[in-house]
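Shown next, in structure tokens, is the structure this report addresses.
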Amino acid sequence: MFESLSDRLNETFGRLNKKGRLTEADVDDAMREVRRALLEADVNFKVVKDFVAKVRARAVGQDVLRSLTPAQTAIGIVNEELINVLGREREDLLAPVRPPQILMMVGLNGAGKTTHTGKLALHLRKQGRSPLMVAADVYRPAAINQLQALGKQIDMPVYEEGTGRNPVDIAANAVRYAQERGLNPVIVDTAGRLQIDERLMQELVDIRDRINPTEILLVADAMTGQEAVGVAEAFNARLNVTGLVLTKMDGDARGGAALSIRAVTGVPIKFIGTGEKLDALEPFYPERLAGRILGMGDVLSLVEKAQELTDEKDAQRLQDRMLKGHFDLEDFLDQLQKIKKMGPLNQLLEMIPGVGAQLRQAKAEISDDDYKQIEGIIHSMTPWERRHPERIGGSRRRRIARGSGTRGSDVNQLLTQFKQMQTMMNQMGRMAKKGKLPKNLPFDI
Amino acid sequence: MVLNRLFRRRSAPDVQLEQGLEKTRRSVFSEITRLFDRSAIDEELYVDLEMLLIQADLGWDVSQQLVAELRARVTRDRLRDPADAREVLRTEMVKLLELATRNRKVKILQRGVPFVIMVAGVNGVGKTTSIAKLAAYHQRFGRSVMLAAGDTFRAAAIDQLAVWGDRINAPVIAHRQGADPGAVVFDAMQAAHNRNVDVLIVDTAGRLHNKANLMFELTKIRKVMQRHVSEAPQEVLLVIDATSGQNGLIQAKEFAKSVEITDIMIAKLDSTSKGGIAFSVAKELGTPISYVGTGEKVTDLAEFRPDTYVDSLFFGVGEGL
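Quick mapping for you: the protein sequence lines, in order, are chains A and B.
So in this note's numbering, the last spot in the first sequence is 455, and the numbers never skip.
So in this note's numbering, the last spot in the second sequence is 325, and the numbers never skip.
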């Protein structure tokens, strides 16, 4: 979808390299690309302006002009500055002066407050705590039911007083309830609201003043555009937000909103939401988000995605089969299906640094239809044939081609490629026996 | 007054609706108005304009394009007066959005065949609320409407739809949470047929467009519908959050790949968002943008009109509310 910044900088500096010396004007060209990349990632305009000025000063001041690899040096600076803005240290939840710890969830409608109330509760219980969730959203239809359903799902107490009561009283009563029963922390789910809705913003202030929360977490959607800054500024100005929870990061949004919010408010990002399931909550790592904003690939996320879908035993069994040379078409099909579950192929490839650029250069169209054809061919084989692909002769091949709606040459191609793969694996197997390979290869990706 | 034009088809006047949009438009259009309120067309005008467009989420590409077109026209027609430049910009913006209306098809409701609307979108864009609005919209034309709770995944999504169904007095076909959405749709199709319902609106679970298996589920739901009515769903509505950034375009593209999106609705235009994503969507996709959602009440739905969208969000023509 997007060309990554590193591609563009390589291109820009590549043109320049030919004429020998780089000048400040050349750096400006490069900075235009930085600016564009950040704007396309939805980083706020003003934040981009300041950011680019900072990067430019560093680039001209030192490294880039004299560097043999100006593009890399420039990217290095951009990356470093991004991490600087995002916060070098990972910040944990604040400890309360005296218990209970009270977390108040605030944000726009549809940001994911209720879901993340559940996720945080689960996360904290895993640390040995006994959280209480509080349903203080009395406006959205069935918001209370939603929190109750989540509570049931993870077996967590939910405090609610229906929709007829004032959220300020509900919150205060909930804290008392928690104290009486020794529940701690208390996580208060408030209704979504627009930052310009004076009445509802005042309600949040009232809740805060009544229950004196340890932490006010602004829940923000990673897909938010330029307005993210306005939202965060307004919530922060009224409430003094203490942390940010960035949701829907399992999508493919670049997440520039996070950078904007952090830059403008200085509020640390504390968690990111990475899925619909209640355990999909992760601590925030600035380096990863920096890489993502720049479109520089996200190998860690790729590895995580793969891990999600393979359990360790499976992976070990497969690795053994591979190294012993027993890897057959059934295993291959199984792997193919796992990869498919990770998402569209071209998206996965974009997570690998450099691959995105090479593919575009080769104008290679990798489509998920290729999977389908391979799958079709393997499905048209008998189990015996899948285990003994080397025994597939002309007549079997014709049958398989007919069965899968392909040509004999397609079947042949698959078989040849598979044979090469097997040969390679056998070689690796022999190397592994001689101790030349590390034990745990990530063969499952 | 501009809002009267925007909401010409609305049956009942609604003061709050107008206030909703008023909030949205105030900041940007006053800035655009101020921008052209100068003595000459100079370089600074272009730079500031680009900034304003980007701030309104039009995206880098579209903003560049609009500024370049304006420059070209100013040079070609030797424009001097900033007010003329402003008019050129307005026309260009309307023209861009018209890409999203020229493919609009006339929808025909057949007697005895339920008109099925499948509503899709990523999580939290406001699908359920939009469904209620859409239902109320059809009811105002005297059509009987039924809702199907196809979001069996999110906790209490079914309850939420049921509450809306109650409020607007529309029957809701639902199974339990965790049930197969295909089965819900199957029952709803049958019920719609038996009860002679004019319009059946099917809710689906919010899904991120990069989750292949969830996107496939939409294809499956579609097939279930077609078993009853071969042309169903006659409308596949994608809801996009007006506050979304450039990812909104990617969402639209990905959804379009899995299910044939026939219509787009820009929701949550009541916020301080500027709805700039409509421009990228119009330029890149050409799928008709049909509705805008502007508030939290069931009446807060309007038909999308390029000229009034541009005027009320960016230029504040007809100001005086």
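Glycine residues also receive a C-beta, built at the ideal position from the N, C-alpha and C atoms.
- Residue pairing from DSSP places G297 (chain B) in a beta bridge opposite B:L305.
- Interface residue (Cβ-Cβ distance to chain B less than 8 Å): N89 (chain A) is not classified as such.
- Annotation for L39 (chain B): L49, D52, L53, L56 place their beta carbon closer than 7 Å to its own, counting only its chain and skipping 5 residues before and after.
- Excluding five sequence positions before and after H179 (chain B), the CB atoms of its chain that fall closer than 6 Å to its own CB belong to V188, given in chain order.
- Distance between P118 (chain B) and V206 (chain B), taken at the CA atoms: about 12 Å.
- Annotated as distal: G418 (chain A) and R406 (chain A), with beta-carbon spacing of 8 Å or more.
- For A69 (chain A), the CB contacts under 7 Å within the same chain, skipping 5 residues up- and downstream, are V37, A84, I87 in chain order.
- Against chain A, the CB of A256 (chain B) has no partner CB under 8 Å away; the residue lies outside that interface.
- Distance from N246 (chain A) to T200 (chain A) at the Cβ level is roughly 15 Å; contact not present, criterion being Cβ atoms closer than 8 Å.
- Between A232 (chain A) and the set A:R191, A:N250, A:R248, A:T284, the nearest pair of CA atoms involves A:T284.
- Scanning A:N20, A:M115, A:L214 for the CA closest to the CA of K280 (chain A) turns up A:M115.
- Residues of chain A with a Cβ closer than 7 Å to the Cβ of V263 (chain B) do not exist, since the nearest Cβ in that chain sits about 15 Å away.
- P106 (chain A): not part of any beta strand (DSSP E); DSSP gives it neither H nor E.
- Inter-segment contact for the stretch 191-211 of chain A and the stretch 118-137 of chain A is present: three or more beta-carbon pairs are separated by less than 8 Å.
- Rounded to the nearest angstrom, the Cβ distance from V240 (chain B) to T266 (chain B) is 5 Å, consistent with a contact under 8 Å.
- Taking C-beta atoms under 8 Å as the contact rule, R135 (chain A) and V178 (chain A) fail to qualify, at a distance of about 27 Å.
- In the structure shown, M332 (chain A) adopts helical secondary structure according to DSSP, grouped into three states.
- The contact set of G130 (chain B) on chain A, defined by CB atoms closer than 9 Å, consists of N119, G120 in chain order.
- In the DSSP annotation of this structure, the continuous segment of the beta strand (DSSP E) that includes L151 (chain B) starts and ends at 149-154.
- The DSSP-derived three-state label of K287 (chain A) is coil.
- By alpha-carbon distance to V44 (chain A), the top candidate from A:L32, A:T79, A:N89 is A:N89.
- Selection A:V62, A:S77, A:R98 evaluated against R272 (chain A) yields A:R98 as nearest (Cα-Cα).
- Per DSSP, I172 (chain B) lies in no beta strand (DSSP E) segment; the continuous alpha helix (DSSP H) that holds it begins and ends at 161-172.
- Under the criterion of beta carbons closer than 8 Å, Q158 (chain A) and V168 (chain A) qualify as touching, at roughly 5 Å.
- With respect to chain A, the C-beta atom of S277 (chain B) has a partner C-beta closer than 8 Å.
- Distance check between S248 (chain B) and each of B:M193, B:K215, B:G279, B:D304 places B:G279 closest, using alpha-carbon atoms only.
- Shown in chain order are the members of the stretch 150-163 of chain B whose Cβ falls below 9 Å from a Cβ of chain A: F157, R158, A159, A160, A161, I162, D163.
- Annotation: the continuous alpha helix (DSSP H) that includes I254 (chain B) extends over 251-262.
- For P296 (chain A), same chain residues with a beta-carbon under 7 Å away, outside a window of 5 residues either side, are I93, L96, G97, R98 in chain order.
- Relative to the Cα of P237 (chain B), the nearest Cα in the group B:I58, B:G182, B:E264 belongs to B:E264.
- Each of B:I121, B:N127, B:Q114 was checked against the Cα of K123 (chain A), and the nearest Cα belongs to B:N127.
- Non-local beta-carbon contacts of A153 (chain A) in its own chain, meaning distances under 8 Å to residues more than five positions away in sequence, involve T124, A145, D147, D199, A201 in chain order.
- Taking a Cβ-Cβ threshold of 8 Å, none of the residues of chain B is close to G335 (chain A); the smallest such distance is about 32 Å.
- Shortest Cα-Cα distance from D46 (chain B) to any of B:D61, B:L62, B:P86 involves B:P86.
- Look at L273 (chain B) here: in three-state DSSP terms it is coil, with no helix or strand label.
- I135 (chain B) has a beta carbon lying at 8 Å or more from every beta carbon in chain A.
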